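Read through the structure below, which is laid out as structure tokens, and then see the notes.
In the working numbering, the protein residues as written are 187 to 350.
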């Protein structure tokens with residue numbers, strides 16, 4: 187299953203929904219384990235005029251900034267939420283033995299910085315088995331209405347950074 191903060195409406199489903207739905211889906215495929223792609227950042231939206239939104243060049247992480255965030259790691263294209271939207275879900279997925287890939291919609295943000303921020307925050311969860319970049323939103327421009335293709339070299343560099 188894939189979960190994004192902007193997906194389900196009118197409110198984001200409770201932990202029980204994800205546990206039940208992913209568990210039910212997994213039971214349909216013998217030998218599988220419940221797994222989720224869990225978005226921890228989305229393209230930031232700004233209001234241009236009342237009633238209209240536009241995408242910014244930033245990504246909004248769904249957790250607060252670390253207290254030890256240094257300016258050298260700072261990135262004007264990364265913004266944070268006031269509260270952590272993921273912790274209670276990840277704790278439940280840990281207890282249930284589910285697998286979770288944390289994913290970002292990077293916009294113009296630095297991918298290694300996003301990897302560091304996300305993995306430093308959530309690496310302690312046994313359910314976290316991977317990290318993903320939604321390349322549809324990599325270097326995406328509203329003006330051009332398209333993204334920039336990720337090269338094999340970039341992908342290898344991100345993977346190497348993640349593994350470090």
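Positions of the beta carbon are idealized from the N, C-alpha and C atoms, including for glycine. Remember, it's a predicted structure, so these values are computed and weren't measured experimentally.
DSSP beta-bridge partners for residue i?
i: residue 341; result: Residue 341 is not bridged to any residue.
i: residue 349; result: In the DSSP output, where bridge partners are listed per residue, residue 349 has none listed.
i: residue 223; result: 188, 287
i: residue 246; result: 228, 265
i: residue 314; result: 286
i: residue 319; result: 290
i: residue 324; result: 293
Helix, strand or coil: which one does DSSP assign to residue i?
i: residue 229; result: strand
i: residue 282; result: helix
i: residue 257; result: At residue 257, the pLDDT of 46 sits below 50, so the modelled position is not reliable; the number obtained from the coordinates is stated separately. Three-state DSSP puts residue 257 in coil, outside helix and strand.
i: residue 293; result: strand
i: residue 209; result: helix
i: residue 200; result: coil
i: residue 334; result: coil
i: residue 214; result: coil
i: residue 194; result: coil
i: residue 299; result: helix
i: residue 274; result: helix
For residue i, which option in the options has the closest C-alpha, if you only look at C-alpha atoms?
i: residue 221; options: 346, 349, 348, 313; result: 313
i: residue 350; options: 214, 299, 264, 250; result: 299
i: residue 270; options: 322, 246, 293; result: 246
i: residue 229; options: 198, 205, 191, 250; result: 191
i: residue 227; options: 277, 211, 272; result: 272
i: residue 207; options: 219, 317, 348; result: 219
i: residue 315; options: 286, 200, 243; result: 286
i: residue 278; options: 311, 297, 294; result: 311
i: residue 306; options: 343, 210, 254; result: 254
i: residue 231; options: 203, 266, 202, 209; result: 266
i: residue 212; options: 187, 201, 318, 199; result: 187
Return yes when the C-beta of residue i is under 7 Å from any heavy atom of the ligand GTP, and no when it is not.
i: residue 335; result: By its list of ligands, the structure shown contains no ligand whatsoever, and the ligand GTP lies outside what it can speak to.
Using the Cβ count rule (16 or more neighbours within 10 Å means buried), how would you classify residue i?
i: residue 275; result: buried
i: residue 257; result: Reliability fails at residue 257, whose pLDDT of 46 lies under 50, so the model's placement of it is uncertain and no value is given.
i: residue 303; result: buried
i: residue 215; result: exposed
i: residue 346; result: exposed
i: residue 291; result: buried
How about the region 272-283 and the region 333-341: do they share at least three Cβ pairs that are nearer than 8 Å?
-> Contact between the region 272-283 and the region 333-341 is absent, because fewer than three Cβ pairs lie under 8 Å.
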